[in-house]
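So the sequences go chain by chain: X and Z. So the first sequence is residues 15 to 223, counted in this note's numbering. So the second sequence is residues 2 to 86, counted in this note's numbering. Take a look at the structure below.
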Amino acid sequence: MSRPDPIRKSSPDTKKNPLSTEEQLKLREFQDEAIVHINALYNYALHLTLNPHDANDLVQETYLKAYKFFGSFEKGTNCKAWLFKILKNNYINRYRKNAREPGKVDYDLIKDFYHTIKDTRRDSTETETDYFHSLLHEEVYMAMQSLPEEFREVIQLCDIEGFTYEEIANMVESPIGTVRSRLYRGRKLLRVQLEEYAKKFGFNTEKDR
Amino acid sequence: MKCDKARELMSAAVDGELTNRENQAFTLHLQECPACTAEFEEAKKTKQIIQEKIVRFKAPQSLVNSIMELSLSGTKEPSDSPMID
């Protein structure tokens, strides 16, 4: 009576189930196309939830779902945009119900948020931008948070994540014209807020370069 | 082009999303309208501020590792998982 060789559990080769060639290919593609965007997704999740723990959960959930439906991802299109849309939908379903009321800003929460995780932040390159240069990260962030969500969202997707209008329109499920006008109005509102901060700290906002 | 049309195109001009025709008409309007020119400069500056001042956070390594694990175990259950209860 022949018996197969006993499988040594400690062997690294048998630690995971061997994947079929097809699965290996899918996994490889998923890593190349999807996992490379993990920093951007986490950053977006963090700005949505203001909570590292929730952001972790949200990103994990997003990748699980993305992997499951990776077959339906249209190759050659923007995978980052596809992932962002999944993340946004997850966020709406799971977290938004408990989210703050629109327009209501919890400044203490934002301050705490920044102080807790500022050690992990990436250095940004700062160039000279007249009086705005004196604004702190926190202040700009608070000004962003004070915007109605529909404006904040498009500004984040456009200016921070660098998506095209077409991609943003698809993500927020609105026509491109709406994205244009939200960006226009959002930036205008933001400018007013930033000037308030600058004035508060004694900078002459009339002076231009 | 009138000012209201220029304002409509303002954000797309800031983001380089205008068509060639729109861009020509927009540029032409700015040449004769100091108010829209000023607004355009402000809008560009606002975008720049956001890009410079909003901090981008990196995913913690523990999260990156767990995503790699998730995708590895996504198609099959692990055969030997001594760590799982």
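In this text, a Cβ means the ideal position worked out from N, Cα and C, and glycines have one as well. Because the structure is a prediction, the values reported are computed rather than measured.
Note to self: Which of the three DSSP states is assigned to X/Phe98 in this structure?
What the structure shows: helix
Item checked: Cutoff 8 Å: X/Gln207 Cβ touching any chain Z Cβ -> no
Check: Can you give the beta carbon distance from Z/Glu40 to Z/Met11, rounded, assuming they're within the 8 Å contact cut?
Finding: 7 Å
Next item on the list: Decide if Z/Phe27 is buried, meaning its Cβ has at least 16 other Cβ atoms within 10 Å, or exposed.
Entry: buried
Check: Name the chain Z residues whose beta carbon is nearer than 8 Å to that of X/Val73?
Finding: The contacting residues are Ala60, Leu64 and Ile68.
Notebook entry, point to check: Can you list the residues of chain Z that X/Leu60 reaches, using a CB-CB cut of under 8 Å?
Noted result: Phe58
Checklist line | Of the listed residues X/His67, X/Arg205, X/Tyr58 and X/His51, nearest to X/Ala80 (C-alpha basis) | finding: Selected option, being the one with the closest Cα: X/His51.
Notebook entry, point to check: So which of X/Leu64, X/His67 and X/Ile182 has the shortest CA-CA distance to X/Phe165?
Noted result: X/Ile182
Note to self: Counting C-beta neighbours from all protein chains within 10 Å, is the total for X/Thr35 16 or more, i.e. buried, or is it exposed?
What the structure shows: exposed
Next item on the list: Measure the C-alpha to C-alpha separation of X/Pro162 and Z/Val56 and round it to an integer number of angstroms.
Entry: 20 Å
Next item on the list: Can you say whether X/Phe84 is buried or exposed, counting buried as having 16 or more other CB atoms within 10 angstroms of its CB?
Entry: buried
Margin query: Looking at X/Cys172: is its Cβ nearer than 8 Å to the Cβ of X/Leu197?
Written below: For X/Cys172 and X/Leu197, yes; Cβs fall inside 8 Å.
Item checked: Bounding residues of the alpha helix (DSSP H) (the contiguous stretch that carries X/Arg196) -> Ile190 to Lys214
Notebook entry, point to check: Checking contacts by CB at 8 Å: is Z/Arg22 closer than that to chain X?
Noted result: no
Next item on the list: Could you please give me the residues that DSSP links to Z/Phe27 through a beta bridge?
Entry: Beta-bridge pairing links Z/Phe27 to no other residue.
Check: In angstroms, rounded to a whole number, what distance separates the CA positions of Z/Ala13 and X/Arg194?
Finding: 6 Å
Check: Between which two residues does the alpha helix (DSSP H) carrying Z/Glu18 extend?
Finding: Z/Glu18 -> no alpha helix (DSSP H), and no H or E assigned at all.
Check: Is the beta carbon of X/Leu72 less than 8 Å from the beta carbon of X/Leu101?
Finding: yes
Next item on the list: Less than 8 Å between the CB atoms is what I'm expecting for X/Ile49 and Z/Ile68, so what's the real figure, rounded?
Entry: 6 Å
Note to self: I need the boundaries of the alpha helix (DSSP H) containing X/Arg166, first residue and last residue.
What the structure shows: Start and end: Glu163 to Ile169.
Notebook entry, point to check: Can you find a CB in chain Z that lies within less than 8 Å of the CB of X/Glu142?
Noted result: Caution is warranted here: a pLDDT of 41 is assigned to X/Glu142, below 50, making its placement in the model unreliable, and the coordinate value is therefore given only provisionally. It does not; no Cβ of chain Z falls within 8 Å.
Next item on the list: Quick one: give me the first and last residue of the alpha helix (DSSP H) that X/His151 is part of.
Entry: His151 to Gln159
Item checked: Within chain A, the residues that X/Asn184 reaches when beta carbons sit closer than 9 Å -> The chain labelled as chain A is not found among the protein chains of the depicted structure, namely X and Z.
Notebook entry, point to check: To the nearest whole angstrom, what separates the beta carbons of X/Ile169 and X/Arg201, a pair I think is in contact under 8 Å?
Noted result: 7 Å
Item checked: Inter-residue spacing [alpha-carbon to alpha-carbon] between X/Asp133 and X/Asn57 -> With a pLDDT of 47 at X/Asp133, under the threshold of 50, the modelled position of that residue is not reliable, and no figure is offered here.
Note to self: So X/Ile6 contacts chain Z; which residues on that side make the cut at Cβ distance below 9 Å?
What the structure shows: Look at the range of chain X in this structure, 15 to 223, and you will see that residue 6 of chain X is not part of it.
Next item on the list: State yes or no: is the beta carbon of X/Met158 nearer than 8 Å to at least one beta carbon in chain Z?
Entry: yes
Next item on the list: Return the CA-CA distance between X/Thr76 and X/Glu43, expressed in angstroms with no decimal places.
Entry: 17 Å
Item checked: Z/Glu43 versus Z/Glu70 - alpha carbon distance -> Whole-angstrom Cα-Cα distance: 46 Å.
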